[in-house]
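Chemist:
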Amino acid sequence: MDNIYIANVFHEIADILELKGEDNFRIGAYRRAAQTIESLPQNIEEIAQQGRLKEIPGIGESIAEKIDEILKTGRLHYLEELRKTIAPGLVVMLGIAGLGPKTVLKLNKEFGVETLEDLERLLPLHKICKLKGFGEKSEENIKKGLEQFKRHKERGLLGKVEPQGQAIVQELEKIEGVDKVSLAGSLRRMKETIGDIDILCTSKKPKKVIDTFCTLPQVKEVKAKGTTKAVIILKTGIEADLRVVEPEAYGAALHYFTGNKSHNIKVRTLGVKRGLKINEYGIFKKSKEQRAKIKEKRAKIKEKRIGGWTEEEVFKAVGLPYIEPELREDRGEIEAAFEGKLPHLIKLSDIKGDLHTHTKYSDGHFSIEEMAKAALQKGYQYILITDHTTTVGITHGMDEEKIKRQMEEIDQLNYKFQNPKSKFKILKGVECDIRSDGTLDLPDKILEKLDIVVASIHSKFGMDQTDRLIKACQNPNVDIIGHPTGRKLGERDPYQVDLDKIMDVCKQTNTFLELNAFWDRLDLNDVNCRKAKEKGLKIVISTDAHHVLELDVMRFGIATARRGWLEKEDVINTLPLEQLLNLFGKGGKRIQNL
DNA sequence: GCCGTTTTCGGCCCGACTGTTTTCAGTCG
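Positions in the first sequence are counted from 1; adding 32 to them yields this note's numbering.
Below, the structure written as structure tokens:
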């Protein structure tokens, strides 16, 4: 039973309870539990077997029992009963932007709306605007929300959204009086998918910034516009939110708008315990008496402002060291920070070479020499050329004959690139297809001659791939498994595979798993990177570049690795050339001794 | 429902914008 399935059970419980108007804190507890479970690096079934469910923060007596029930029976009586109390379509309607539980319930009570179709039929009758507390605008907004929902607003992919965010940042930086501009939200945390672009900026003249933001050429629609905040829809369909604050609030606001939500709540709660109020305007100290008064009379009392210029101040105020944005997911980073056990995250500049690249020998667009020059320009010490083999269906993929020719060309180029001042080497490799029976697409006598062999799956995604991959790992010539779960974000789910088992086999056979840095793959993902690290495995971060410019996607791989808590030592292509070659050695499996 | 250098009971982060209202509820992040 996978973690996501169990997490979804608790999300659904939270949704239904929300519709029933239950206590918000109880709802929050289910949500928190769901979020925690979906980002657990370990399989929850294992934790349950060890009787350690309640050690997970946010999981107590009641939720632990429910998890056990789901694991044992595959069902949850409590949820089944809950479902009977409410029309199933109502939960779906919560997904419409602008429609919350109160509105959905009201529409249900007043007009018997139970499904999206009911809502669609109701709208043209213009009855909603007659309801108390509703008007023309509210009705219009519900209509817009429904249309958007039907268009299936998907989250954008990091690699597509990030450039759009950067472009806006650059525009805002040009405005007179603007001091600092930064991306915030999931984009700053470098999540693999992005809901909207969050931007924070400091200026004494917020109006000017807001006006410029709302009239940028890429704006399609202004959704909200206030004195310090605006929301726009870009022509690409992505939403962008801008917040303008005073310079002295920059750190507090940046922390607040970077999130995620549950990380923020934890930090603020820590603040409350220390008699602090932390919001986007700064860190404020209030005495006990003041807090009592606020509660009693709801009186506005001016607290003393004690910081907020930098994010470091926010963390320091609650007794924590600085936590990198990519870690801020409430996945144990706050606890680790308290214990002084935060990882020293890997940086882009740690990378010494790319171990998965394509050339004109298969489906790449550039020659070996052009790819090598591009790698050299990035300051790399090596590039591994890994063209496809024939069964991938790439016309003119690599057969025995062709790969021999490629090796000769690489030898010649390496001779040409020789330079006593700088070390650089083009390494001979291949991205060898793993056939459905787990055998490889090239004979061992060829694979043996290569420096490093990447093996990956490119076909028959429907089958369970566990045995197929295990067999590939056991081949002494296979060094790296490329894009290990085969997913394509927004296109194809990961294939069926027992990754735990694969990782164990990798450990035994000294095979490395790839983190494919291309932004529609990012495979392994952050959670699996962390799992691999916990199992003591090392990772390769490669781009799978088919174009010289695509070597740049390395930064998305690094971001994902950072989200997976990886350090320089966890990634083998941070090694300098000689050490890397020692690691892979000649003939057969290497010694994984770094 | 969870949790405990305020608490095993009584708390639980905080504010902006919108639309509908004359002071606020709902939604969102």
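Glycine is no exception: its CB is placed at the ideal position from the N, C-alpha and C atoms.
So, at 6 Å on beta carbons, what are the nonlocal neighbours of leucine 416 in its own chain, with the 5 sequence-adjacent residues on each side left out?
Modeler: Leu387, Leu459, Gly461 and Ile484
Chemist: State yes or no: is the C-beta of alanine 119 nearer than 7 Å to some heavy atom of the ligand SAH?
Modeler: Among the ligands in the structure shown, none appear at all, so the ligand SAH cannot be discussed.
Chemist: Please report the Cβ distance between phenylalanine 550 and valine 585, rounded to the nearest whole angstrom; I am assuming they are in contact, meaning their Cβ atoms lie under 8 Å.
Modeler: 5 Å
Chemist: Helix, strand or coil, according to DSSP, for glutamate 328 in the structure here?
Modeler: Because the pLDDT of glutamate 328 is 43, which lies under 50, any placement of that residue in the model is unreliable, and the question is left without a value.
Chemist: With burial defined as no fewer than 16 other Cβ atoms inside 10 Å of the residue's Cβ, what is the status of histidine 390: buried or exposed?
Modeler: buried
Chemist: Of all the options Gly596, Gln450 and Glu70, which has the alpha carbon lying nearest to the alpha carbon of isoleucine 36?
Modeler: Glu70
Chemist: Does the distance from the CB of valine 537 to the CB of cysteine 561 come in under 8 Å?
Modeler: no
Chemist: Between leucine 607 and lysine 384, is the Cβ-Cβ spacing less than 8 Å?
Modeler: yes
Chemist: Per DSSP, which one or two residues make a beta bridge with phenylalanine 8?
Modeler: Since the first residue of the chain shown is 33 and the last is 626, residue 8 is not available in this structure.
Chemist: Count the C-beta pairs between the segment 203 to 222 and the segment 232 to 242 that are closer than 8 Å, then say yes if the count reaches three, no if not.
Modeler: yes
Chemist: Taking the continuous beta strand (DSSP E) assigned at leucine 459, which residues delimit it?
Modeler: 457 to 465
Chemist: Can you tell me whether leucine 157 is buried or exposed? The criterion is at least 16 other CB atoms within 10 Å of its CB, across all chains shown.
Modeler: exposed
Chemist: On the premise that glutamate 50 lies in contact with proline 133, defined as a C-beta separation below 8 Å, what is that separation, rounded to the nearest angstrom?
Modeler: With a contact defined as Cβ atoms closer than 8 Å, proline 133 and glutamate 50 qualify at about 4 Å.
Chemist: Might you give, ordered along the chain, the residues of its own chain that have their beta carbon closer than 6 Å to the beta carbon of glutamate 271, omitting 5 neighbours on each side?
Modeler: Result list for glutamate 271: Asp228 and Ile265, in chain order.
Chemist: Which residues mark the beginning and the end of the alpha helix (DSSP H) in which histidine 109 is found?
Modeler: 109 to 116
Chemist: Residues in its own chain within less than 6 Å of arginine 337 by CB, not counting five upstream and five downstream?
Modeler: Gly314 and Phe316
Chemist: For the alpha helix (DSSP H) containing cysteine 561, name the first residue and the last one.
Modeler: 558 to 566
Chemist: Rounded C-beta distance between tyrosine 527 and glycine 518? I'm assuming under 8 Å.
Modeler: 5 Å
Chemist: For glycine 217 versus threonine 268, is the C-beta spacing smaller than 8 Å?
Modeler: no
Chemist: Counting Cβ pairs closer than 8 Å, one from the segment 403 to 420 and one from the segment 444 to 458, do we hit at least three?
Modeler: Counting Cβ pairs under 8 Å, three or more are found: they touch.
Chemist: Restricting to Cα atoms, I'd like to know which of Met125, Glu208, Asn542 and His397 is closest to lysine 507.
Modeler: Just to set this straight, residue 507 is asparagine in the shown sequence, not lysine. Measuring from the Cα of asparagine 507, the nearest candidate turns out to be Asn542.
Chemist: Can you tell me whether lysine 237 is buried or exposed, with buried defined as 16 or more other CB within 10 angstroms of its CB?
Modeler: exposed
Chemist: Give me the Cα-Cα distance between lysine 348 and tyrosine 354, rounded to the nearest whole angstrom.
Modeler: When rounded, the distance between both Cα atoms is 8 Å.
Chemist: Within 10 Å of its beta-carbon, does glutamine 409 have 16 or more other beta-carbons around it, so buried, or fewer, so exposed?
Modeler: exposed
Chemist: Look at the alpha carbon of glycine 209 and the alpha carbon of asparagine 40, and state the distance between them as a whole number of angstroms.
Modeler: In a straight line, the C-alpha of glycine 209 is about 46 Å away from that of asparagine 40.
Chemist: Starting from the C-beta of leucine 137, find all residues in its chain whose C-beta is less than 8 Å away, skip the five residues before and the five after it, and write them out in chain order.
Modeler: Leu51, Gly53 and Leu122
Chemist: Evaluate cysteine 161 with the Cβ neighbour count: other Cβ atoms within 10 Å of its Cβ, from every protein chain shown; 16 or more gives buried, anything less gives exposed.
Modeler: exposed
Chemist: Using CA atoms only, rank isn't needed, just tell me which of Thr259, Ile366 and Pro73 is closest to histidine 295.
Modeler: Ile366
Chemist: Use the C-beta contact count for glycine 191: other C-beta atoms within 10 angstroms, 16 or more gives buried, fewer gives exposed.
Modeler: Flag for glycine 191 reads buried.
Chemist: With the cut-off set at 8 Å, would you say aspartate 602 and lysine 563 are in Cβ contact?
Modeler: no
Chemist: Tell me which residues share the same chain as glutamate 142 and place their Cβ nearer than 7 Å to its Cβ, disregarding the 5 neighbours each side in the sequence.
Modeler: Leu163
Chemist: Please classify asparagine 548 as buried or exposed, where buried requires at least 16 neighbouring CB atoms within 10 angstroms.
Modeler: buried
Chemist: In terms of alpha-carbon separation, which member of Leu545, Pro357 and Leu380 lies closest to arginine 221?
Modeler: Its Cα nearest to that of arginine 221, the residue Pro357 stands out among Leu545, Pro357 and Leu380.
Chemist: Glycine 15 and threonine 421: beta carbons closer than 8 Å?
Modeler: Because the chain in this structure spans residues 33 to 626, residue 15 falls outside the shown range and cannot be described.
Chemist: So, under 8 Å CB-CB, glycine 494 and lysine 539 are touching, yes? Tell me the CB distance rounded to an integer number of Å.
Modeler: The Cβ separation is near 28 Å, so there is no contact.
Chemist: Go to valine 124, then tell me how far its alpha helix (DSSP H) extends in each direction, as first and last residue.
Modeler: 120 to 125
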